[in-house]
Amino acid sequence: MIPVYSPDLRGNERRYADDAVATSWISSLGPYIDRFETALRDTIGTRHVVAVSNGTVALHLALHCLDVGPGDEVIVPTFTYIASVNAIKQTGATPVLADVRPQDWLLDPDQVEALITPRTKAIMPVHLYSGVCDSRINEIARSNGIKIVEDCAEVLGTRIGDHHVGTTADVATFSFFGNKTITTGEGGAVATNDDALALRLRKVKGQGQSLTRRYWHDELGFNYRMTNICAAIGTAQMERIDSILDRKSRIASMYRDALGGSGVEFQSVAPYVKSSEWLVTLLLPKGADRDQVMAGLTDLGIDTRPVFFCAHQMPMYRSDKPYPVAEDITARGISLPSYPGLSDDQVAQVSDALLKVLAQRDVAVA
Numbered sequence: 008m009i010p011v012y013s014p015d016l017r018g019n020e021r022r023y024a025d026d027a028v029a030t031s032w033i034s035s036l037g038p039y040i041d042r043f044e045t046a047l048r049d050t051i052g053t054r055h056v057v058a059v060s061n062g063t064v065a066l067h068l069a070l071h072c073l074d075v076g077p078g079d080e081v082i083v084p085t086f087t088y089i090a091s092v093n094a095i096k097q098t099g100a101t102p103v104l105a106d107v108r109p110q111d112w113l114l115d116p117d118q119v120e121a122l123i124t125p126r127t128k129a130i131m132p133v134h135l136y137s138g139v140c141d142s143r144i145n146e147i148a149r150s151n152g153i154k155i156v157e158d159c160a161e162v163l164g165t166r167i168g169d170h171h172v173g174t175t176a177d178v179a180t181f182s183f184f185g186n187k188t189i190t191t192g193e194g195g196a197v198a199t200n201d202d203a204l205a206l207r208l209r210k211v212k213g214q215g216q217s218l219t220r221r222y223w224h225d226e227l228g229f230n231y232r233m234t235n236i237c238a239a240i241g242t243a244q245m246e247r248i249d250s251i252l253d254r255k256s257r258i259a260s261m262y263r264d265a266l267g268g269s270g271v272e273f274q275s276v277a278p279y280v281k282s283s284e285w286l287v288t289l290l291l292p293k294g295a296d297r298d299q300v301m302a303g304l305t306d307l308g309i310d311t312r313p314v315f316f317c318a319h320q321m322p323m324y325r326s327d328k329p330y331p332v333a334e335d336i337t338a339r340g341i342s343l344p345s346y347p348g349l350s351d352d353q354v355a356q357v358s359d360a361l362l363k364v365l366a367q368r369d370v371a372v373a
């Protein structure tokens with residue numbers, strides 16, 4: 008079976024993790040934390056990067072430290088991984104769901120403008136799969152005095168012109184789960200250029216303990232710290248980020264070339280964006296039965312994934328309000344094997360298999 012994703016751990020990951028164990032630095036202190044944060048700062052380009060235990064707590068920590076809470080509203084796309092919405096709810100604020108654009112599947116700036124109220128405290132653009140949100144969202148936020156929290160969980164390594172995604176936001180968050188471009192097993196990070204905010208992020212992630220006085224806790228905090236073992240894996244990963252990104256770019260280009268003209272629709276990426284191509288994702292032709300397509304690919308030894316369900320389709324966020332673009336995407340989208348260890352022959356195998364399955368009569372809905 009060709010998996011959708013498998014981490015590339017062929018560098019110094021085991022050696023560094025063994026070193027963390029051998030030196031007894033296994034918890035949230037140790038040299039690899041500093042090394043990993045430094046490598047991330049060098050890649051992202053913000054003044055500060057704070058490593059945390061996963062991407063979801065990175066979002067919650069960012070919102071909390073921007074004082075988002077009860078009575079506030081945060082605009083977020085309904086088409087996103089549920090962590091984006093859950094993190095808002097966990098602060099006591101209200102997630103305000105917006106539809107996405109058909110070309111890039113990302114937060115629609117026109118919807119954002121229409122949803123702003125006096126209670127809007129923040130906007131959360133979520134960069135999904137290969138795409139990057141329209142920078143007009145940040146301009147809308149600045150002109151209205153609203154904070155921007157960019158969910159960059161899937162786009163480490165993506166650049167917009169000469170700068171890394173997330174660097175123009177008040178704060179950006181990243182994930183290093185096992186299926187991300189760079190992994191620490193479980194892990195995340197918060198990036199910002201705001202010196203005062205960075206200090207608060209560091210303090211609050213460690214139970215609100217003073218950074219200068221041990222066991223003195225003068226504000227509410229959380230245990231969101233990354234372990235030195237996870238950071239050791241991440242440090243080794245960051246040593247090879249350029250080669251990993253190059254390989255993923257090659258894989259995405261091969262898929263687009265092989266499947267062009269087949270009736271599938273790829274996510275639009277602006278020409279000034281250099282995408283990290285996290286997970287190659289496409290929309291099946293209208294009328295195709297996605298479950299049958301995925302089952303057919305499984306029979307041919309190829310694993311796939313459906314795209315995320317919309318937040319407004321979940322029981323806790325259920326809404327009868329229509330979100331037609333997001334609903335269409337979530338009904339037709341699938342992700343193909345996209346891990347950096349995928350060979351050219353395997354990319355061709357997956358492409359040929361998809362074309363074969365799409366040609367079968369039983370994948371079409373009557």
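So the mapping is simple: our numbering equals the position in the sequence shown, first residue as 1, plus 7. Each residue gets a CB set at the ideal place from its N, CA and C atoms; glycine is no exception. Computed from a predicted model, the values in this text were never measured in an experiment.
Next item on the list: Determine the direct distance from the alpha carbon of I155 to that of L73, and round the result to whole angstroms.
Entry: Against the sequence shown, residue 73 aligns to sequence position 66. Against the sequence shown, residue 155 aligns to sequence position 148. The alpha-carbon atoms of L73 and I155 are separated by roughly 10 Å.
Check: Which of the three DSSP states, helix, strand or coil, is assigned to F184?
Finding: Here residue 184 corresponds to residue number 177 of the sequence shown, with the count starting at 1. Under the three-state reduction of DSSP, F184 is assigned to strand.
Item checked: CA-to-CA distance, T288 to A259, given in whole angstroms -> Within the sequence shown, numbered from 1, the residue matching residue 259 stands at position 252. Within the sequence shown, numbered from 1, the residue matching residue 288 stands at position 281. Each residue's alpha carbon lies about 9 Å from the other.
Notebook entry, point to check: If you run the structure through DSSP and keep just helix, strand and coil, what is K363?
Noted result: Along the sequence shown, read from residue 1 onward, the residue named residue 363 stands at position 356. Here K363 sits in helix by DSSP.
Next item on the list: Let me know if S350 comes out buried or exposed under the rule of 16 or more other beta-carbons within 10 Å of its beta-carbon.
Entry: Position 343 of the sequence shown holds residue 350. So S350 ends up on the exposed side.
Note to self: Would D310 and M8 qualify as a contact pair, given that the criterion is a beta-carbon distance under 7 Å?
What the structure shows: Walking along the sequence shown from the start, residue 310 turns up at place 303. Walking along the sequence shown from the start, residue 8 turns up at place 1. Going by beta carbons, D310 and M8 fall inside the 7 Å limit.
Item checked: Identified DSSP bridge partners for P276 -> Your numbering for residue 276 matches position 269 in the sequence shown. The amino acid occupying residue 276 in the given sequence is Val; Pro does not appear at that position. Paired residue(s): none; V276 is not in a bridge.
Margin query: As a quick exercise: from A239, C317, A176, R339, pick the residue whose alpha carbon is nearest that of P329.
Written below: For this step, residue 329 is matched to residue 322 along the sequence shown. Measuring from the Cα of P329, the nearest candidate turns out to be C317.
Notebook entry, point to check: Between V197 and Y262, which are expected to be in contact by the criterion C-beta below 8 Å, what is the C-beta distance as a whole number of angstroms?
Noted result: In the sequence shown, residue 197 corresponds to position 190, counting from 1. In the sequence shown, residue 262 corresponds to position 255, counting from 1. Contact between V197 and Y262 is ruled out by a C-beta separation of about 32 Å, above the 8 Å threshold.
Next item on the list: Check each candidate in V314, C140, A366, K210 and name the one with the smallest Cα separation from D158.
Entry: Locating residue 158 in the sequence shown gives position 151, counting from the first residue. Residue C140 is the option with its Cα nearest to D158.
Check: Which residues mark the beginning and the end of the alpha helix (DSSP H) in which K212 is found?
Finding: If you number the sequence shown from 1, residue 212 lands on position 205. Boundaries of the alpha helix (DSSP H) harbouring K212: 202 to 212, taken from the DSSP string.
Notebook entry, point to check: Can you list, in chain order, the residues of its chain whose CB lies under 6 Å from that of S374, leaving out five sequence neighbours each side?
Noted result: The structure shown has nothing for residue 374, since the chain only spans 8 to 373.
Next item on the list: Starting from the Cα of S283, find the closest Cα among D169, K187, G241, V162 and give me that residue.
Entry: Residue 283 sits at position 276 when you count from the first residue of the sequence shown. Here the closest residue by C-alpha is V162.
Check: Terminal residues of the continuous beta strand (DSSP E) containing H319?
Finding: Along the sequence shown, one-based indexing puts residue 319 at 312. Here H319 belongs to no beta strand (DSSP E), and DSSP marks it neither H nor E.
Next item on the list: Give, in chain order, every unbroken run of the beta strand (DSSP E) that is at least 3 residues long and sits entirely within the segment 96 to 151.
Entry: Listed in chain order, they are 101 to 105, 127 to 130.
Next item on the list: Flag this pair as yes or no: are the beta carbons of S60 and M233 separated by less than 7 Å?
Entry: Here residue 60 corresponds to residue number 53 of the sequence shown, with the count starting at 1. Here residue 233 corresponds to residue number 226 of the sequence shown, with the count starting at 1. The beta carbons of S60 and M233 sit closer together than 7 Å.
Item checked: Three-way DSSP call (helix, strand, coil) for D41 in this model -> For the purposes of this step, residue 41 is taken as residue 34 along the sequence shown, with counting starting at 1. If DSSP states are grouped into helix, strand and coil, D41 belongs with the helices.
Next item on the list: Would you identify the three-state DSSP class for R312, choosing helix, strand or coil?
Entry: For this step, residue 312 is matched to residue 305 along the sequence shown. If DSSP states are grouped into helix, strand and coil, R312 belongs with the strands.
Checklist line | Delimiting residues of the beta strand (DSSP E) encompassing L289 | finding: Looking up residue 289 in the sequence shown gives position 282. Per DSSP, the continuous beta strand (DSSP E) segment holding L289 begins and ends at 288 to 290.
Notebook entry, point to check: Three-state secondary structure (DSSP) at D306?
Noted result: Stepping through the sequence shown from its first residue, residue 306 is reached at position 299. Three-state result, D306: helix.
Next item on the list: Helix, strand or coil for G340, going by three-state DSSP, please let me know.
Entry: Reading the sequence shown from its first residue, position 333 is the one you call residue 340. The answer is strand: DSSP assigns G340 an E or B state.
Margin query: What does the Cβ neighbour count give for L218, buried or exposed, with the cut at 16 atoms within 10 Å?
Written below: Numbered from 1 along the sequence shown, position 211 holds the residue referred to as residue 218. So L218 counts as exposed.
Check: What residues are listed by DSSP as bridge partners for K281?
Finding: Counting from 1 along the sequence shown, the entry for residue 281 is found at position 274. Partner residues in the beta bridge of K281, as assigned by DSSP, are R166.
Check: Are V133 and S91 close, meaning C-beta to C-beta below 7 Å?
Finding: Locating residue 133 in the sequence shown gives position 126, counting from the first residue. Locating residue 91 in the sequence shown gives position 84, counting from the first residue. Contact flag set, yes.
Next item on the list: Grab me the residues of T191's own chain with a C-beta within less than 6 Å of its C-beta, minus the 5 sequence neighbours each way, in chain order.
Entry: As a working note, residue 191 is residue 184 in the sequence shown. Correct list, in chain order: F183, C237, I240, G241.
Notebook entry, point to check: Does the separation of the CB atoms of A100 and V75 fall below 7 Å?
Noted result: Translated into the one-based positions of the sequence shown, residue 100 becomes position 93. Translated into the one-based positions of the sequence shown, residue 75 becomes position 68. Their beta carbons are under 7 Å apart, which means A100 touches V75 by this criterion.
Margin query: If you reduce the DSSP assignment to three classes, tell me which class P10 lands in.
Written below: As a first step, residue 10 is located in the sequence shown; it is residue number 3 there, counting from the start. Residue state, collapsed to three classes: coil.
Checklist line | Neighbourhood of R17 by C-beta, 6 Å cutoff - its chain only, sequence neighbours within 5 removed | finding: What you label residue 17 is simply residue 10 of the sequence shown in a count that begins at 1. Excluding residues up to 5 positions away in sequence, nothing lies with its Cβ nearer than 6 Å to the Cβ of R17 in the same chain.
Note to self: For D296 and V370, which I take to be in contact (beta-carbon distance under 8 Å), what is that distance rounded to the nearest angstrom?
What the structure shows: Position 289 of the sequence shown, counting from 1, holds the residue named residue 296. Position 363 of the sequence shown, counting from 1, holds the residue named residue 370. That pair is a contact at about 5 Å.
Margin query: Quick check: what's the CA-CA separation for P10 versus L66?
Written below: On the sequence shown, residue 10 is found 3 positions in, with the first residue counted as 1. On the sequence shown, residue 66 is found 59 positions in, with the first residue counted as 1. Each residue's Cα considered, the two are about 28 Å apart.
Next item on the list: Report the rounded CA-to-CA distance for I147 versus E120, giving the unit in angstroms.
Entry: Mapped onto the sequence shown, residue 147 falls at position 140. Mapped onto the sequence shown, residue 120 falls at position 113. Taking the straight line from one Cα to the other gives about 7 Å.
Notebook entry, point to check: How big is the Cα-Cα spacing for R166 and V280?
Noted result: The residue labelled residue 166 in the question sits at position 159 within the sequence shown. The residue labelled residue 280 in the question sits at position 273 within the sequence shown. Rounded to whole angstroms, the separation of the alpha carbons of V280 and R166 is 6 Å.
Notebook entry, point to check: Near K96, what residues of its chain come up, given a Cβ to Cβ distance below 7 Å and the 5 sequence neighbours on each side ignored?
Noted result: Here residue 96 refers to the residue found at position 89 when the sequence shown is read from its first residue. Around K96, the same chain offers P102 as residues with beta carbons nearer than 7 Å, after the five sequence neighbours per side are excluded.
Checklist line | A65 - containing beta strand (DSSP E), residue span | finding: In the sequence shown, counting from the first residue as 1, residue 65 sits at position 58. Looking at the DSSP string, A65 is not in any beta strand (DSSP E); the run it does join, the alpha helix (DSSP H), is 62 to 72.
Next item on the list: Determine which residues share a DSSP beta bridge with N230 and list them.
Entry: For the purposes of this step, residue 230 is taken as the residue at position 223 of the sequence shown. According to DSSP, which records beta bridges pairwise, N230 is partnered with G213.
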